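Residue numbers (this note's numbering): 38 to 259. Glycine included, C-beta positions come from ideal geometry on N, C-alpha and C. On a predicted model such as this, the values are computed, not experimentally measured, just so you know. Below is one structure, written out as structure tokens; the observations come after it.
Below, the structure written as structure tokens:
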């Protein structure tokens, strides 16, 4: 992903959050406590069903941000993070296996061996690469899942990198959802600032890596 494309996606993300805040101020929103009370009345089935839905959404190109924000609104900060991370991990592992089962040989054939160079890098530095990809909020979550399955990255590196990497951005998004009912609340603005820092920092780290600071595949690789 180029810096320009990353900045455009980041601007789109901020525009989405701004529209949600504007809607809360101008149109009004349902009573937060009542809404959460209704969800809590459903018992354990509510978070289980939401996690399952999130896992299914993670297999599709549908935007996950809306569901992450909704988790914060429905379950609060702590429970919302647990619900989203659980669903995201289930969806990520499922997509990883689908990519490995259906796309690995085809992708190697289409790239005429160029995938082997990526495989070599991911085999030795898979954990670090996955963490970096997850830390950048604008990198498509679903695409990374499927593409990782098409490479030689180990499942343990993929799952560990995903679990570590999605926690900061997930917490930030859930915080926005939990406190979006109160547009003046400082946790929401702190979360937005964290997302901005993660986006800029992730893009800078990616450029640093591309310039050769991180190990690259052998130059002789086709």
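Grouping DSSP H, G and I as helix and E and B as strand, with all else coil, what is residue 39? Note on residue 39: pLDDT 47, under 50, position unreliable in the model; no value is reported.
Under 8 Å, with one C-beta from each stretch per pair, do the region 209-217 and the region 103-115 reach the 3-pair mark? With the cut-off at 8 Å, the region 209-217 and the region 103-115 touch.
Taking the C-alpha atoms as reference points, what is the distance between residue 117 and residue 82? The straight-line gap from Cα to Cα measures roughly 14 Å.
Cα separation between residue 195 and residue 167? If you draw a straight line from the Cα of residue 195 to the Cα of residue 167, it is about 6 Å long.
Let me make sure I understand the geometry here. Which of 193, 78, 202 has the alpha-carbon closest to that of residue 236? If we check each option's Cα against that of residue 236, 202 comes out closest.
Of the residues 231, 88, 99, the one placed nearest residue 180, counting alpha carbons only: Nearest option by C-alpha distance: 99.
Under 6 Å Cβ to Cβ from residue 182, same chain only, skipping five residues before and after it: list those, please. Excluding sequence neighbours, residue 182 sits near 129, 132, 133.
Can you tell me whether residue 136 sits near the ligand GTP, meaning its C-beta is under 7 Å from at least one heavy atom of the ligand? Among the components of this structure there are no ligands whatsoever, and the ligand GTP is therefore not found.
Relative to the C-alpha of residue 165, which residue among 191, 174, 178, 76 is closest? With respect to the C-alpha of residue 165, the residue from 191, 174, 178, 76 having the closest C-alpha is 191.
Do you know offhand how far residue 136's Cα is from residue 120's? Between the C-alpha atoms of residue 136 and residue 120 there is a straight-line separation of about 24 Å.
Would you report the Cα separation of residue 112 and residue 234, rounded to the nearest angstrom? Answer to the nearest angstrom: the Cα atoms are 26 Å apart.
Please tell me whether residue 122 and residue 207 are closer than 8 Å, where the distance is taken between their beta carbons. At the C-beta level, residue 122 and residue 207 come within 8 Å of one another.
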